[in-house]
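**Q** Those letters in the sequence shown? Residues 2 to 229, per this note's numbering, in order.
The beta carbon of each residue, even a glycine, is placed where N, CA and C say it ideally should be.
Given the structure is predicted, the values throughout are model-derived calculations rather than measurements.
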Amino acid sequence: MAAGTSSAAAVVAGGPGGPQAAGPAPSGSGAPGPGAVLIGDRLYSGVLITLENCLLSDDALLFTPSMGSGLDPDTETQLRFTGCELIQAAGILLRLPQVAMATGQVLFQRFFYTKSFVKHSMEHVSMACVHLASKIEEAPRRIRDVINVFHRLRHLRERKKPVPLLLDQDYVNLKNQIIKAERRVLKELGFCVHVKHPHKIIVMYLQVLECERNQHLVQTSWVASEGK
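Dropping the structure here:
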């Protein structure tokens, strides 16, 4: 599925080469940054996003945290595809707007350019990104609904007959893991979760070029923007 499989070059990241996450400014670091905030006797650096650091650097693209943990590039790419496909499929079942699915996919990609697939569950982070994106795009869904949808998708993926999810201790543990994963995503991205999608701009360009009636071109450009 092409939708949501964001190319690395266009993913805004919260890690190396991306926006600097909020945290205590190191001592002796010189003048505080533009977003610095004094809380008590500690100076926090704030989050700074500029044109110079909004894209991942070449080094960050060539050597990801997952590679540093021993994961080969092909497996990492496949995990990225799978995660984005899960987010898209879950969004459809949850009847989320397309923009919410796209936001979840971008958050998923951003997170795994700061953390490793080896150390963090791809499925848990996918679920956390769906839940977080639904709130960001003002179409909130209950975490229980997100869990139920992913539970169904797992059974379909394994070609098993879908069975209702039991609300037992395993469910409670999974819910807590997703909540922790969502907090971890927010922390790693420095709470910079705004995503500017290109879809509206594409429609404007097509109208200027008088190509908005060309359905094939419209659909192709939409899918290409999803694969940003």
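Flag this pair as touching only if the segment 89 to 108 and the segment 70 to 77 have three or more C-beta atom pairs under 8 Å; answer yes or no.
**A** Touching, no, given that fewer than three Cβ pairs across the two stretches are closer than 8 Å.
**Q** On the three-state DSSP scale, how would you describe P66?
**A** Helix.
**Q** How is G191 classed by DSSP in three states: helix, strand or coil?
**A** Three-state DSSP puts G191 in coil, outside helix and strand.
**Q** From which residue to which residue does the alpha helix (DSSP H) around D75 run?
**A** Start and end: P74 to L94.
**Q** Between the segment 89 to 105 and the segment 182 to 190, do three or more beta carbon pairs fall short of 8 Å?
**A** Counting Cβ pairs under 8 Å, fewer than three are found: no touch.
**Q** Does DSSP classify N149 as helix, strand or coil?
**A** The answer is helix: DSSP assigns N149 an H, G or I state.
**Q** Which ranges would you report for the alpha helix (DSSP H) in the segment 127 to 178 if only whole runs of at least 4 residues count?
**A** Here the runs fully enclosed are 144 to 158.
**Q** Exposed or buried, which one is M205 when buried takes at least 16 other CB atoms within 10 Å?
**A** It is exposed - the Cβ of M205 has fewer than 16 other Cβ atoms within 10 Å.
**Q** Pairing CB atoms from the segment 202 to 216 with CB atoms from the segment 144 to 154, are three or more of them under 8 Å?
**A** Contact between the segment 202 to 216 and the segment 144 to 154 is absent, because fewer than three Cβ pairs lie under 8 Å.
**Q** Starting from Y206, trace the alpha helix (DSSP H) both ways and give me its first and last residue.
**A** It spans H200 to V209 - the alpha helix (DSSP H) in which Y206 sits, taken as one unbroken run.
**Q** Can you say whether Q89 is buried or exposed, counting buried as having 16 or more other CB atoms within 10 angstroms of its CB?
**A** By the 10 Å Cβ count, Q89 comes out buried.
**Q** Pull up the CB-CB distance for H125 and A182, whole angstroms please, since I reckon it's below 8 Å.
**A** The pair is a contact, with the Cβ atoms about 5 Å apart (cut-off 8 Å).
**Q** If I'm right that L80 touches F118 with Cβ under 8 Å, what's the distance once you round it to whole angstroms?
**A** About 5 Å separates the two Cβ atoms, so the contact holds.
**Q** Measuring only the C-alpha atoms, how far is Q220 from Q208?
**A** In a straight line, the C-alpha of Q220 is about 14 Å away from that of Q208.
**Q** What is the rounded straight-line gap between the Cα of N177 and the Cα of M123?
**A** Distance between the alpha carbons of N177 and M123: 16 Å.
**Q** How should S186 be labelled, buried or exposed, when 16 other C-beta atoms within 10 angstroms of its C-beta is the threshold for buried?
**A** Here the sequence assigns Val to residue 186, which means Ser is not the residue at that position. When all chains shown are included, V186 counts as buried.
**Q** Reducing DSSP to helix, strand and coil, say where V219 ends up.
**A** If DSSP states are grouped into helix, strand and coil, V219 belongs with the helices.
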